[in-house]
Every structure is written in C-alpha cells, then in structure tokens.
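Below is one structure, written out as structure tokens, with a few remarks after it.
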Amino acid sequence: MSESTELKVGVPGDTRLEKLNVEPPKSWLSRLPVVRDLKIAVGWQKGMLVTGLVLTAFFLIVAVFAPWIAPYGYAQIKGADGVAFPTQAPPSKAHIWGTTVGGFDVFSRTVWGARTAVIAIVVAVLLSIFAGVFLGLVSGYFGGWVDRVFVVIADAVYSFPSLLLAILMAIMISGGQSSLWGGILASGISITVVYIPQYFRTIRAEVIRIKDCAYVESAKVVGASTWRIMGRHLLRNSTRTLPVILTLNSSEAILTLAGLGFLGFGIEPTAAAEWGYDLNRSVADVTSGIWWTAVFPGLAIVLIVLGITLIGESLNDLADPRLRARKSAGEVIGSIEDTSVDSPNPDESLAAVAEEQALEAAETDPTERGGDTRTVADEYMVTQDPEIAVVVRDVPDESEGVIKR
Amino acid sequence: MSEHGGRNAQSTQSTQSTQSTQAGDALVDVKDLSVSFMTDAGPIKAIDGVDFVIPRKTVVGVVGESGSGKSVTARSIIRLLPETATTGGAIYLRADDDGDGVDVLTMSVRDLQRMRGDAAAMVFQEPNSVLNPVYTIGWQIEEGLRAHGLTDKKQLRAKSIEILDKVGIPDAATRVDYYPHQFSGGQKQRIVIAMALVLNPGLILADEPTTALDVTVQAEILDLLRLARDEFGASVLIITHNMGVVADIADQVVVMYRGHVVEQGSVDQIFYDPQADYTKRLLAAVPRIGQRLVVRDAAGDVIERKVDWRAEPVVVKAEHMDITYPGRFMQPDFKAVDDVSFEIHRSEVLGLVGESGSGKSTTGRAIAGLQRISGGSLDVLGMEMKGFKERRFKPLREQIGFVFQDPGSSFDPLMTILENVAEPLIVHGRYRTAAQARQYVGELLEMVQLPRTYMNRFPHELSGGQRQRASLARALALKPSLLIADEPTSALDVSVQAKVLELFKTLQAEIGFACLFITHDLAVVDMLADRIMVMHKGRIVEHGDSSQIMRHPSDPYTKKLLASLPVPDPREQAAHREELHELLAKEA
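As given, the protein sequences belong to chains G and H, one line each in that order.
Numbering (UniProt numbering) for the first sequence: 1 to 405.
Numbering (UniProt numbering) for the second sequence: 1 to 588.
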C-alpha cells in the first residue's frame with residue numbers, strides 16, 4: 001500500500017506539524033453537558049440556566065451538610081436539657097422558623113428534608129436510567145416483535161397515574177407507613193415504572209434514526225458484531241437528549257415523594273424528615289393562622305423543583321439551534337469562513353498545503369460546524385425551513401469540538 | 001393577466017443580449033451586499049461586497065461551490081434571512097416599470113409581505129418539503145392568491161387550474177383536488193413553480209430547483225423555467241452547482257467564490273472566454289461525456305493498470321437475481337431488482353447507472369450483504385448470497401470495501417478519524433486498539449492524499465471532499481479485492497469531485513480491486529468505467545463497454561438519459577436540447 005506514498009507529508013520523525021494540528025487539549029470538564037451548555041448560553045437563557053444551577057446547588061449543599069446546618073435532629077422534640085420543645089410556637093430565637101404541632105423544629109425538619117429529597121432523586125434516576133437505556137437500545141436496533149411488545153408495554157404504563165402507582169408501591173413495600181428507605185423506595189420504584197418508558201422511548205427513537213446512518217451501515221459492512229455496533233456507535237450517539245429527561249425526571253421524583261407524604265403514605269417522622277409529611281401535618285394549622293409550619297417545607301418543594309426544571313428546560317432549548325438565543329452582530333462583521341475546497345494552484349505540493357492548513361488551524365478559527373457538509377451560513381439558512389430544520393436539529397451538537405474560543 | 005401581456009410587449013428584445021445590464025433596465029440591482037451571521041463561534045461573514053444586476057426577462061445563473069454564498073444572496077433579495085443575520089449594502093427591486101425601485105433591505109415588513117409573491121417568488125430545492133401534505137395542491141396554489149387579496153372562490157379555482165395546465169400537469173381540472181403525495185417528484189416541482197408563477201411575479205428565485213431530481217425530470221423543469229421567462233416575462237435567478245444546467249438555461253452567469261462575485265457576464269462569455277482564474281478552474285473540473293480520465297504520477301507518466309481485466313477471474317456473478325421489499329399490509333411486495341444478471345471481473349470498474357428508485361443502490365447493498373436477495377443467485381467472492389449466514393460471510397467481509405454517498409453521515413461523529421478508519425482493522429483483529437493502528441492509518445491517509453495529522457480530528461472538522469477521501473481510506477484499509485462505491489461523488493462540488501475521481505482512478509490502477517461504481521451521473525461513469533450497466537425500474541436495460549454505450553446507445557431509455565444530460569457548453573447544449581425534444585416527440 002505504500003507504493004503511492006511518494007506524496008508524503010512532512011518529514012518522517014518531524015512532529016511539528018502534528019503538534020500544530022492537534023486541537024488545544026480540552027479539559028473533560030468543559031465537555032460535560034451542563035458546563036458546555038453554560039458556555040454557549042446567552043441572555044435570558046443563560047439567566048434561566050444559572051438560576052436553576054444555583055438553586056439546585058444550594059439544595060445539594062444543604063443536603064450534604066444537613067447535620068451541621070440544622071440546630072436539632074429531624075426527630076428531636078426535646079432540647080439538650082431534656083425540656084420538650086413548645087408546640088406550634090411562632091418563630092423565635094431558639095426556633096427560628098417556629099415549631100410544629102408535634103413539637104418538631106421547622107427549620108431543622110426543612111434542612112433534613114433536603115437530604116431525603118436528594119436521596120429520592122438519586123434512587124429514582126439510578127433505578128430507571130439503566131433499564132430504560134438498555135431496553136431502548138435493544139428494542140430500537142433489533143426492531144421486529146421484540147420492539148412491538150416493548151412499545152405496547154411502554155404505552156400501557158403511560159396510562160397509569162404515577163401517584164396511584166406510588167401509593168400501591170408504598171402499601172406493598174411497607175404497609176403504608178414506612179421507614180426512610182421504604183418511603184424512598186416506594187417513590188423511587190413508582191417513578192421508575194413510569195420513567196423507564198420515557199428513557200426507553202427517547203433512546204429508541206434516537207437509535208432508530210441513527211441505525212440508518214451510513215456509519216452504522218459502514219460498521220456492518222466491515223463486519224462489526226452487533227454488540228460492538230450497539231456499544232460503540234449507537235449508545236454514545238443516542239444519549240444526547242438524556243440530560244433533559246434526567247432533570248425533568250428528578251423533579252417528578254420529588255413531587256411524587258412529597259405527594260406520598262402529603263397523603264400519609266410517606267416516611268414516618270421518626271425515620272426521616274420529609275416535606276410532604278410536614279405539609280400534611282400543617283393543614284390544620286393554616287386555618288388557625290399558623291403560617292410557618294406550611295410555608296417553609298412548601299417553599300422548599302417549590303424551589304427545588306423549580307431549580308431542576310429550569311436546568312432541564314434551558315438544556316432543552318440550548319440543544320436546539322432554533323430555540324437557542326444568540327447575540328446579534330449589530331453590524332456586518334466577521335471574516336468569510338474558509339469553506340472553499342478549491343486550491344488556487346493545483347501543482348502546489350501537498351506538504352505546503354498541509355502546512356498552510358496546519359497554520360490556519362492554529363491561527364484562525366475554523367468555524368465549520370459539525371455533522372454534515374453544510375457550512376454555518378447554510379445551516380442557519382436551512383433552519384428557516386421547518387421541515388429541514390428537524391434534520392438540522394438531529395445533527396449532533398458536537399460544536400464544542402470545532403468551535404475554538 | 002393584462003399586466004403580464006403588457007410586460008411581454010414592452011420587453012421584446014432578445015433575451016440573450018447583454019445590453020440589458022444597463023442599470024435603468026435592471027429588475028434587481030444588488031449593490032455592495034454583505035451579510036453576516038451571528039453564530040456560537042462569533043460573527044461569520046457569508047457574503048461580502050456582492051454587486052450584480054438581474055435584467056428583465058432574463059435567466060441569471062449563479063454558480064459556485066457550496067458555502068460560496070449563493071443561497072444567502074438569493075434569499076437576501078426577498079429578505080428571507082434568519083434573525084441572526086445582519087445585512088449591509090442595498091438591493092433595489094423595481095417591481096413596477098417606473099422609478100428607481102425600492103431597497104428591499106430597508107423595506108417595512110408590510111411592504112415586504114406584499115412584495116414577496118407579488119414581485120418575487122421562490123422555488124426551493126426539495127419540493128417534498130415545500131408542499132404541505134395535508135392540503136390539496138389547489139388550496140396551496142390559491143393560498144398565495146388569497147394572501148394577495150383575491151377572494152372569489154370560483155375565480156381562485158379557475159386560476160389554479162389554468163396555472164396547473166400551463167406548467168404541464170395533465171388533467172388539471174381533476175388533479176387540482178389531489179394531495180401532494182399523489183404526484184411524482186418532478187410533478188411536485190412543477191406545482192411549486194406553478195405556486196410561484198400564479199401571482200405573475202417579475203422575478204423567480206430558484207435555489208437548486210433540479211438538484212433533487214433525476215436528469216430526465218431536470219430537463220423538463222428547465223424547460224418550464226424557460227417558459228416562465230418567455231411566456232410570463234419573468235426573470236429567473238437560478239442557483240446551481242451544475243454547469244450543464246447553467247449552459248442549458250442561463251442567459252447571464254454570476255460566478256461566486258468565497259462570498260464574492262468573481263465574474264459576471266453572458267453565458268457565452270463565461271463558457272468560451274472566462275476571465276477569472278476561478279471560473280477557468282471550475283470549467284476545467286466539469287466532467288464531460290467522452291472524456292476518459294487520465295491520471296499521471298509525479299513524474300508525469302500515465303498510470304495504467306498492469307493487467308487486462310477481461311482475462312482476470314470473476315469476483316461477483318449475479319444470475320437472474322431478484323430483490324423484493326415486503327409490501328405493507330394489504331399491499332403487494334415491491335420488486336426493487338428484477339431478473340438481473342451481470343458479472344464483475346477482478347480489476348474491472350463496472351459502472352451502474354440509473355435514476356433514483358431504479359434499484360442500483362439495492363444491487364450494491366446486496367453484494368455487500370446489507371440486503372438479502374429473494375430470487376436467482378448472487379455469488380460474491382465464491383459465496384452464494386441467497387440465504388447467507390452472517391457468521392459465514394464475516395470472514396469475506398474484509399475483502400469488501402464500501403464507500404457511501406453521504407460523506408456527512410458515514411463517520412461516527414463521536415469518534416476521531418483515526419478510530420473510524422481503524423474500525424475495520426480492529427474488527428478483523430489486525431490491531432487490538434486504534435492507538436496501535438496509528439502508523440498504518442497514517443499511511444492510509446497519505447495514500448488518499450490527506451495529511452497524516454488529520455487522524456486526530458473529528459469527522460465534522462473535515463470538509464466534504466476530505467471526508468470522502470477518508471472514507472475511501474477506510475474502505476481500502478483491509479486491501480479489499482472488491483470495492484462498492486455508492487454515489488461516492490454526488491454530494492461533492494465539481495472541483496472536489498474531480499479530485500476524488502482522480503484519486504479513485506489512481507488507486508484502482510495501483511491496487512487493482514474490482515469495483516462496482518454506482519452513480520446517476522453519466523459523465524462521471526464515462527470517465528471511470530470499463531463497462532456500464534444501465535438500470536431502469538429494477539431491470540438492466542443495457543449492458544456493455546462504456547464507449548459503446550455512450551456513443552451508440554441502443555435502448556430508448558439510455559438514449560433518453562443521454563439526451564437529457566445537459567452538456568456544459570451552451571452552443572452544443574442548444575443542439576443537444578433539440579435532439580432531446582425530437583426524441584421525446586417521437587416517444588409521444
């Protein structure tokens with residue numbers, strides 16, 4: 001094969017060219033979904049994403065450091081001196097957010113509740129994501145009757161109200177009143193049942209789209225095994241939309257846990273602090289003007305769900321070039337991108353061309369964007385046409401690999 | 001219609017004339033137009049300081065490679081640009097015969113809406129995505145009229161039937177109530193043109209109107225655009241990368257390169273006396289029928305095959321091969337390939353030509369084991385492919401290379417070029433990891449004239465032509481004895497196509513693999529192939545030596561195919577077009 005290699009580029013052993021052409025190393029951090037999105041966001045989309053991130057980070061910190069932040073334990077009804085806490089006491093120096101009818105400190109319960117919420121999210125996501133992604137891959141790639149059966153089951157599950165399912169689980173697992181893990185598992189499993197079909201559907205749709213791509217066919221022609229195709233090509237290329245569902249899934253998990261607690265199927269107050277349970281207990285207080293027992297756990301639920309949903313929604317918008325906001329140039333500026341393939345002098349030696357390209361790569365910003373042969377300008381033109389825009393959206397947004405700032 | 005009659009009478013001068021470029025007579029005057037887009041990577045200028053005029057009743061062809069700003073220029077004329085675009089300069093549109101015209105770029109939104117459709121209409125590349133599948137075509141044609149104030153139902157319907165009749169939809173009075181899916185691709189493009197013509201605009205912007213169509217249909221659509229000029233008195237701005245189309249239809253040509261206009265002139269001047277270097281290079285790269293590709297090595301010697309392919313053993317042999325796709329519920333099976341017999345010798349290039357849907361790709365896929373055959377027999381490298389077992393075929397796969405049409409999707413976007421090209425090597429156990437194959441992949445890339453360092457890049461960082469070369473490197477990684485190339489150059493610009501074809505020919509002569517070269521472009525296949533098969537509706541209608549088929553086609557379909565192919569030479573094409581019309585007249 002080396003007969004035709006008279007057209008060698010560079011000198012053997014000379015690695016300068018190679019160094020020039022290699023992209024500046026990117027830290028793994030900047031490739032993470034959220035971090036990458038944060039970089040490309042502008043305007044109100046950035047505001048949304050940052051707000052979501054701040055809220056979520058706040059609750060995570062509270063959850064991790066709950067024992068140090070909360071002045072009392074979640075089930076504590078007596079001070080260190082053995083004197084019982086007052087019941088339904090308004091906010092004071094000793095109990096900054098007041099106490100409940102059972103004598104719990106509201107502030108401590110709310111702080112400890114963050115921990116329960118975070119555990120519930122992790123459990124729910126872990127339980128559903130692996131099964132959902134795997135089933136989606138298999139079902140999408142093989143198709144046929146396996147696919148039909150999975151799709152029918154997934155559709156059937158969609159028709160279950162998830163809260164009803166959670167109640168059922170709660171009763172099955174722990175007979176209604178439950179411990180920390182019983183309650184979390186009840187909400188986790190019920191969410192899992194509802195969310196596996198969602199992961200399944202998303203991954204399946206992506207796989208069906210990708211499996212007709214020439215690179216999958218190319219792997220088949222080459223003789224790659226089914227597992228190699230699924231693991232190397234399909235899995236990595238189909239998980240692009242996961243962060244969005246993942247965040248939405250998380251907020252749903254919290255709402256279900258809170259809903260269970262509110263209905264009285266949640267976690268016993270002595271096992272863990274849980275916002276839904278606290279809300280349930282405060283129903284009677286509200287009519288008698290005791291606002292502090294309901295407001296704080298309620299706010300906590302609203303804020304954590306808001307934070308996670310904001311992240312999810314802005315990730316969703318940022319993943320779509322049509323929804324992604326950009327600054328306006330304001331005036332006609334910018335350089336014409338080098339999309340030309342025409343070399344002015346056909347006899348020019350390849351080495352010189354390569355060197356030139358290498359230098360260009362190092363100096364200027366090649367701004368060709370990923371996925372297809374369209375240039376940036378063309379792609380933006382195309383997004384005007386709704387039908388074609390779908391195609392553009394499907395072009396994986398690997399722009400971080402090209403666009404060098 | 002009276003307005004259109006008046007316009008006709010007013011401009012009776014020859015459309016070929018170039019005096020009409022005088023500013024006073026121009027329909028559109030583009031002055032120093034610049035457009036830039038805000039992207040994630042910062043502002044990018046798509047076009048810079050573009051100046052040209054569109055005279056009345058003239059077809060102006062805009063040519064240039066992809067990314068040269070052709071589409072942006074055309075869309076600027078009706079301000080159909082995304083929000084991220086910023087424009088500079090001016091575009092004067094003289095919708096009425098009086099005055100200096102108005103600047104489209106500073107027009108109010110209301111005026112703009114009136115202008116679109118009324119003064120200028122657009123015809124897009126893909127007719128399928130322009131027509132709304134849930135409305136009848138009549139409704140869609142009427143929509144434009146309604147938007148411009150016509151409300152009488154009877155009149156609307158009469159108008160749409162009239163226009164459908166004009167664009168050559170048979171039985172227009174009935175078919176006005178049909179839905180888009182009931183028409184063929186060519187008819188859909190006719191309907192789209194009817195939608196543009198019904199408001200009788202002075203200007204039609206056609207963005208690659210024939211690129212998605214077969215050559216025989218392309219000839220019909222070009223005739224229709226000629227009709228728009230001659231009968232409706234409209235000017236047509238046609239964007240294309242096909243020099244044959246330009247030679248066939250254009251009166252004036254604008255050549256664009258990297259966002260600038262490098263040359264504008266009459267079609268004769270551009271073709272016979274090109275001034276700009278780029279135009280000369282572009283014309284030199286256009287494939288022409290009857291021009292065999294001759295490749296030379298660095299010393300200037302012609303690279304030839306060392307063996308006579310006729311004496312070589314047969315690699316692929318198909319006998320009465322059928323391939324059917326199972327029909328949907330209650331529908332008959334679709335026979336994509338019907339009773340096809342052929343053979344490919346080692347070191348031979350067999351060209352397989354046909355229009356879309358003729359079964360040519362299916363044949364190629366069957367040889368590569370991507371599609372099972374349903375009847376007859378297909379022998380690939382000594383193995384019968386009817387009812388083959390994947391496990392038994394796998395060892396043979398390393399002897400088969402496949403080059404795909406779309407360079408955009410043939411590489412896994414998340415893997416580097418190294419990993420992609422090394423995949424066949426890893427699958428067949430030559431190397432354990434991509435890193436170990438580095439040295440060899442580097443040699444492969446150099447063989448296809450790509451710098452070694454490109455192996456660290458991701459596919460989207462390469463241009464279309466570079467990617468197609470890398471694709472060739474991957475197909476040749478295992479030194480196959482059979483290569484199937486499924487339209488390897490049809491997604492590429494002319495200048496890139498020329499380079500890829502040259503490379504292909506060199507490698508084929510050096511390595512001597514058997515090759516099935518599938519394409520719809522007769523000129524390309526004529527440059528490369530030893531023998532040509534012409535497929536039509538799943539059958540092989542003609543089969544023989546390429547010079548024989550190109551010069552003396554015997555089958556009527558092949559004749560029509562050859563006559564429909566526009567020749568990139570305006571004078572020759574005029575005669576060629578007459579031949580086609582004669583042929584069609586005889587057929588009818």
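Cβ coordinates follow ideal geometry from the N, Cα and C atoms, glycine included.
Just so we're clear, the structure is a prediction, and the values are computed from it rather than from any experiment.
Going along chain H in order, which residues have a C-beta closer than 7 Å to the C-beta of residue 236 (chain G)? Taking the first residue of the first sequence as position 1, residue 236 (chain G) is located at position 236. At a beta-carbon threshold of 7 Å, the residues of chain H lying near residue 236 (chain G) are 414, ordered along the chain.
Mind pulling the chain H residues with CB within less than 9 Å of residue 217 (chain G)? As a first step, residue 217 (chain G) must be located in the first sequence, where it is residue number 217. For the C-beta of residue 217 (chain G), the chain H residues within less than 9 Å are, from N- to C-terminus, 365, 368, 370, 402, 404, 410.
Cβ closer than 9 Å: which chain G residues qualify as neighbours of residue 427 (chain H)? Locating residue 427 (chain H) in the second sequence gives position 427, counting from the first residue. Near residue 427 (chain H) (Cβ distances below 9 Å), the residues of chain G are 219, 222, 223, 224, 225, 228.
Contact set for residue 336 (chain H): own chain, Cβ-Cβ below 8 Å, skip 5 residues either direction: As a first step, residue 336 (chain H) must be located in the second sequence, where it is residue number 336. Counting only Cβ-Cβ distances below 8 Å, and skipping sequence neighbours, we find 323, 324, 325, 359, 362, 538.
Does the CB of residue 568 (chain H) have a neighbour CB from chain G at under 8 Å? The residue you call residue 568 (chain H) lines up with position 568 of the second sequence. At a cut-off of 8 Å between beta carbons, residue 568 (chain H) makes no contact with chain G.
Mark residue 391 (chain H) as exposed unless 16 or more other C-beta atoms lie within 10 angstroms of its C-beta, in which case mark it buried. Locating residue 391 (chain H) in the second sequence gives position 391, counting from the first residue. Here residue 391 (chain H) is exposed. Its C-beta has fewer than 16 other C-beta atoms within 10 Å.
Skipping 5 residues on each side, what residues in its chain have a beta carbon closer than 8 Å to that of residue 222 (chain H)? Counting from one through the second sequence, the residue named residue 222 (chain H) turns up at place 222. Around residue 222 (chain H): 210, 245, 248, 249, 566.
Segment limits, beta strand (DSSP E) that includes residue 539 (chain H): Taking the first residue of the second sequence as 1, we reach residue 539 (chain H) at position 539. Element bounds for residue 539 (chain H): 539-545.
Three or more C-beta pairs closer than 8 Å, one from the region 163-173 of chain G and one from the region 104-111 of chain G: is that the case here? Contact fails between the region 163-173 of chain G and the region 104-111 of chain G, because fewer than three Cβ pairs, one in each stretch, are under 8 Å apart.
Does the region 306-319 of chain G come into contact with the region 37-53 of chain G, if we say contact requires no fewer than three beta-carbon pairs (one atom in each stretch) closer than 8 Å? Under the Cβ criterion (8 Å, minimum of three pairs), the region 306-319 of chain G counts as touching the region 37-53 of chain G.
When the Cα atoms are used, what is the spatial distance from residue 385 (chain H) to residue 353 (chain H)? Taking the second sequence and counting its residues from 1, one reaches residue 385 (chain H) at position 385. Taking the second sequence and counting its residues from 1, one reaches residue 353 (chain H) at position 353. Within the model, the alpha-carbon separation for residue 385 (chain H) versus residue 353 (chain H) is close to 23 Å.
Of all the CB atoms in chain H, is at least one closer than 8 Å to the CB of residue 233 (chain G)? Taking the first residue of the first sequence as position 1, residue 233 (chain G) is located at position 233. Taking Cβ atoms only, chain H reaches closer than 8 Å to residue 233 (chain G), which makes this a yes.
How many angstroms separate the CA atom of residue 153 (chain G) from the CA atom of residue 499 (chain H)? One-based indexing of the first sequence puts residue 153 (chain G) at position 153. One-based indexing of the second sequence puts residue 499 (chain H) at position 499. Roughly 53 Å between the two C-alpha positions.
Listed from N- to C-terminal order along the chain, which residues in the region 159-170 of chain G have their beta-carbon within a distance smaller than 9 Å of any beta-carbon of chain H? Of all residues in the region 159-170 of chain G, none has a Cβ within less than 9 Å of some Cβ in chain H.
Reduced DSSP category for residue 530 (chain H) - H, G, I as helix; E, B as strand; rest coil: As a working note, residue 530 (chain H) is residue 530 in the second sequence. Correct three-state label for residue 530 (chain H): coil.
With 16 other Cβ atoms within 10 Å as the buried cut-off, status of residue 466 (chain H): Locating residue 466 (chain H) in the second sequence gives position 466, where the first residue counts as 1. Classification of residue 466 (chain H): buried, given that the 10 Å Cβ count is 16 or more.
Can you give, in chain order, each stretch of the alpha helix (DSSP H) that sits fully within the region 132-201 of chain G and has at least 4 residues? Entirely contained in the region 132-201 of chain G, the alpha helix (DSSP H) runs reaching 4 residues are, in chain order, 144-158, 162-174.
Can a CB atom of chain G be found closer than 8 Å to the CB of residue 579 (chain H)? To locate residue 579 (chain H), count along the second sequence from 1; it is residue 579. Not a single CB atom of chain G sits nearer than 8 Å to the CB of residue 579 (chain H).
Short check: CB of residue 51 (chain H) to CB of residue 261 (chain H), under 8 Å? Position 51 of the second sequence, counted from the start, is the residue given in the question as residue 51 (chain H). Position 261 of the second sequence, counted from the start, is the residue given in the question as residue 261 (chain H). Yes, Cβ-Cβ distance for residue 51 (chain H) and residue 261 (chain H) is below 8 Å.
First through last residue of the alpha helix (DSSP H) which encompasses residue 254 (chain G): Position 254 of the first sequence, counted from the start, is the residue given in the question as residue 254 (chain G). Its alpha helix (DSSP H) spans residues 242-263.
Mark residue 120 (chain H) as exposed unless 16 or more other C-beta atoms lie within 10 angstroms of its C-beta, in which case mark it buried. Residue 120 (chain H) sits at position 120 when you count from the first residue of the second sequence. So residue 120 (chain H) ends up on the buried side.
On the three-pair Cβ rule with 8 Å, is the region 227-239 of chain G touching the region 159-170 of chain G? Flag = no, the region 227-239 of chain G and the region 159-170 of chain G do not touch.
For the region 188-220 of chain H, which residues have a CB atom closer than 8 Å to at least one CB atom of chain B, in sequence order? Of the protein chains in the structure, G and H, none is chain B.
Counting pairs of Cβ atoms below 8 Å between the region 122-131 of chain G and the region 187-194 of chain G, do you hit three or more? Contact check between the region 122-131 of chain G and the region 187-194 of chain G: three or more CB pairs, one atom from each, fall below 8 Å, which counts as touching.
May I have the straight-line CA-CA distance separating residue 48 (chain H) from residue 38 (chain H), to the nearest angstrom? Counting from one through the second sequence, the residue named residue 48 (chain H) turns up at place 48. Counting from one through the second sequence, the residue named residue 38 (chain H) turns up at place 38. Looking at the two C-alpha atoms, the distance is approximately 15 Å.
Does chain H have any CB closer than 8 Å to the CB of residue 373 (chain G)? Taking the first residue of the first sequence as position 1, residue 373 (chain G) is located at position 373. Residue placement at residue 373 (chain G) is poorly supported in this model, since its pLDDT is 38, which falls under 50; the coordinates are not used for a value here.
Compute the beta-carbon to beta-carbon distance between residue 540 (chain H) and residue 340 (chain H), rounded to the nearest angstrom, for a pair I have assumed lies under 8 Å. In the second sequence, residue 540 (chain H) corresponds to position 540, counting from 1. In the second sequence, residue 340 (chain H) corresponds to position 340, counting from 1. 5 Å between Cβ atoms; contact.
How about residue 205 (chain G): is its C-beta nearer than 8 Å to some C-beta of chain H? Taking the first residue of the first sequence as position 1, residue 205 (chain G) is located at position 205. Residue 205 (chain G) does not count as touching chain H.
So, are the CB atoms of residue 264 (chain G) and residue 280 (chain G) less than 8 Å apart? Position 264 of the first sequence, counting from 1, holds the residue named residue 264 (chain G). Position 280 of the first sequence, counting from 1, holds the residue named residue 280 (chain G). The answer is yes: Cβ separation under 8 Å.
Rounded separation between residue 380 (chain G) and residue 473 (chain H) - CA only: Position 380 of the first sequence, counted from the start, is the residue given in the question as residue 380 (chain G). Position 473 of the second sequence, counted from the start, is the residue given in the question as residue 473 (chain H). In this predicted model, residue 380 (chain G) has a pLDDT of only 40, less than 50, meaning its place in the structure is not dependable enough to derive any value.
Run through DSSP, which three-state label would residue 373 (chain G) get? Here residue 373 (chain G) is taken as the residue at index 373 of the first sequence, counted from 1. Summary for residue 373 (chain G): the model assigns pLDDT 38, below 50, so the residue's position carries little reliability; its value from the coordinates is reported in the next sentence. Note: residue 373 (chain G) maps to coil in three-state DSSP.
Chain H partners of residue 214 (chain G), CB-CB under 7 Å? Here residue 214 (chain G) corresponds to residue number 214 of the first sequence, with the count starting at 1. Under the 7 Å cutoff, chain H gives 404, 406, 409, 410.
Quick check on the burial criterion: 16 or more other C-beta atoms within 10 angstroms. Buried or exposed for residue 373 (chain H)? To locate residue 373 (chain H), count along the second sequence from 1; it is residue 373. Residue 373 (chain H) should be labelled buried.
Which residues of the region 284-308 of chain H have a Cβ closer than 7 Å to any Cβ of chain G? Give them in chain order. Of all residues in the region 284-308 of chain H, 298 have a Cβ within less than 7 Å of some Cβ in chain G.
Along chain G, in chain order, which residues have C-beta atoms closer than 7 Å to that of residue 424 (chain H)? Counting from 1 along the second sequence, the entry for residue 424 (chain H) is found at position 424. Chain G residues near residue 424 (chain H): 222.
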